[in-house]
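Okay, so here's the structure we're looking at.
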Amino acid sequence: MAEGTVSAERGSWWVTSWLPSWCPSSLCQLKEAETRMLQSISSKFSQQHVHISNGNRIWTLMFNVGARDATPVVLLHGFGGGVGLWALNLDALSQRRPVYALDLLGFGRSSRPQFSSDACEAEQQFVDSIEQWRATVGLEAMILVGHNLGGYLAASYSLRFPSRVKHLILVEPWGFPERPDTGDQDRPIPVWIKALGAMLSPFNPLAGLRLAGPLGPMLVQTLRPDFKKKFSSMFNDNTVTEYIYHLNVQTPSGETAFKNMTIPYGWARRPMLQRVGLIQQDVPISVVYGSRSSIDGNSGAAIKELRPNSHVEIVVIRGAGHYVYADQPEDFNQQILQICDQVD
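Here the sequence shown is numbered in the UniProt record's numbering, starting from 1 and rising by one per residue.
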């Protein structure tokens with residue numbers, strides 16, 4: 001069962017101290033759920049925990065590692081995600097080059113340490129873990145692909161280690177724009193939402209899922225039936241929703257760090273648009289959006305404006321929402337491959 005929950009959610013220890021036994025999950029069940037997610041992949045791959053500092057480990061899938069002449073692709077998942085959610089992409093992306101998919105520190109099957117409560121320090125812990133992972137695996141440079149929170153961290157990594165990034169691909173990235181002033185919005189935030197946000201502020205974003213206990217798996221199936229549809233070409237059962245459930249009821253380590261990196265209503269405490277212009281000019285950037293996404297697509301145009309002397313490309317995948325890689329996997333894979341072909 002998940003351990004260390006009290007330290008990871010100190011603000012609500014009185015609730016979370018008994019949650020592990022309440023939730024029908026374990027790291028073993030997460031492993032089994034991930035195995036089912038990956039069973040339809042036809043390409044050969046290896047998997048292992050990569051050891052980094054402080055006794056932490058990064059869970060990693062590795063495809064086509066023998067193709068040393070091509071720059072490898074490294075996939076960083078979004079908030080609440082894991083390597084299994086790339087199941088529709090791994091075969092296609094690994095045909096011509098190495099591909100690495102890793103569970104971010106604090107998520108999935110990677111170690112779940114206690115992060116700093118300071119937003120800047122927590123961000124640096126994430127970035128340091130990615131760099132330590134790269135050095136341990138032995139990659140000189142990579143094409144860095146990040147979705148959602150993974151996009152934010154990929155950009156932060158590129159700021160600190162630009163020589164290691166041949167191309168930065170931001171897929172529906174979280175955390176780029178600043179939170180707009182309420183007075184500037186066409187529709188101000190309702191009072192009841194503000195009140196609910198204040199009431200829930202001591203808790204992590206997915207605390208409710210753990211509070212649901214045995215009802216948690218059914219809750220995911222009820223609230224997110226779209227995930228089952230996204231992966232219907234692979235599975236006709238609840239494989240995906242069960243994987244998502246087991247991902248998110250373990251020790252909420254990365255989840256707590258994410259909470260500390262946000263301000264009310266999900267905006268980044270340290271918006272990336274304030275810094276993305278400082279990424280070395282010779283690092284090309286591609287921004288991938290879904291045409292039906294609720295994420296603000298204006299960040300791509302803003303990045304282009306902030307980097308007038310750098311390659312910035314905006315790609316829109318028709319018919320895709322926020323989970324663009326699963327909504328329209330064939331189009332997404334093709335676009336990523338075309339971007340990669342520009343690298344080598």
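Glycine included, C-beta positions come from ideal geometry on N, C-alpha and C.
When you compare each of the options to residue i by their alpha carbons, which one comes out closest?
i, options, result
"Phe115", "Glu255, Arg57 and Met272", "Glu255"
"Leu76", "Leu85, Asp69 and Ser46", "Leu85"
"Lys340", "Gly80, Gly321, Gly277 and Ile285", "Reading off the sequence shown, one finds Cys at residue 340, where the question assumed Lys. Comparing Cα-Cα distances from Cys340 to each of Gly80, Gly321, Gly277 and Ile285, the minimum goes to Ile285."
"Gly175", "Ala154, Ser233, Ser26 and Phe235", "Ala154"
"Met62", "Gln95, Tyr100, Gly82 and Leu30", "Tyr100"
"Ser94", "Asn333, Val343, Asp344 and Gln342", "Asn333"
"Val249", "Asp103, Ser233, Ser42 and Gly108", "Gly108"
"Val83", "Pro180, Arg68, Ile143 and Gln47", "Gln47"
"Gly266", "Arg179, Tyr157, Leu337 and Pro329", "Arg179"
"Met142", "Asp69, Ala87 and Ser117", "Asp69"
"Asp331", "Asn89, Val74 and Leu27", "Asn89"
"Ser25", "Asp103, Gly138 and Tyr243", "Tyr243"
According to DSSP, what are the bridge partners of residue i?
i, result
"Ala268", "Thr262"
"Arg57", "His51"
"Ser46", "Met62"
Under DSSP, the alpha helix (DSSP H) around residue i begins and ends at which residues?
i, result
"Gln132", "Ala119 to Val137"
"Leu215", "Careful: Leu215 lies outside any alpha helix (DSSP H) and carries neither H nor E."
"Ile303", "Asn298 to Leu306"
"Ala92", "Leu90 to Leu93"
Under the three-state reduction of DSSP, which class applies to residue i: helix, strand or coil?
i, result
"Ala326", "helix"
"Ser26", "coil"
"Ser294", "coil"
"Ser232", "coil"
"Trp192", "With a pLDDT of only 46 at Trp192, under 50, the local geometry of the prediction cannot be trusted, and no value is derived from it."
"Glu313", "strand"
"Arg332", "In the sequence as displayed, the identity of residue 332 is Phe instead of Arg. In the structure shown, Phe332 sits in a helix (DSSP, three-state: H, G or I)."
"Phe63", "strand"
"Leu105", "coil"
"Leu75", "strand"
"Gln281", "coil"
"Gln342", "helix"
"Trp114", "It is worth fixing the name first, because residue 114 is Gln in this sequence and not Trp. Correct three-state label for Gln114: coil."
"Gln274", "helix"
"Pro162", "helix"
"Gly319", "coil"
For residue i, does the count of other Cβ atoms within 10 angstroms reach 16, so buried, or fall short, so exposed?
i, result
"Glu121", "exposed"
"Ile263", "exposed"
"Gly66", "exposed"
"Tyr218", "Residue identity check: residue 218 is Met in the sequence provided, not Tyr. Result: exposed."
"Lys44", "exposed"
"Ala33", "buried"
"Ala119", "buried"
"Leu209", "buried"
"His51", "exposed"
"Pro214", "exposed"
"Arg97", "buried"
"Gly55", "exposed"
Along the beta strand (DSSP E) that carries residue i, what are the first and last residues, could you check?
i, result
"Gly81", "Here Gly81 belongs to no beta strand (DSSP E), and DSSP marks it neither H nor E."
"residue 348", "Outside the displayed range of the chain (1 to 344) lies residue 348, so it cannot be described from this structure."
"His147", "Met142 to Asn148"
"Val249", "Neither: Val249 is in no beta strand (DSSP E) and is coded neither H nor E."
"His167", "Val165 to Pro173"
"Leu102", "Val99 to Leu102"
Is residue i close to chain C, meaning its C-beta is less than 9 Å from at least one C-beta of that chain?
i, result
"Met142", "In the structure shown, chain C cannot be found, because there is only a single protein chain."
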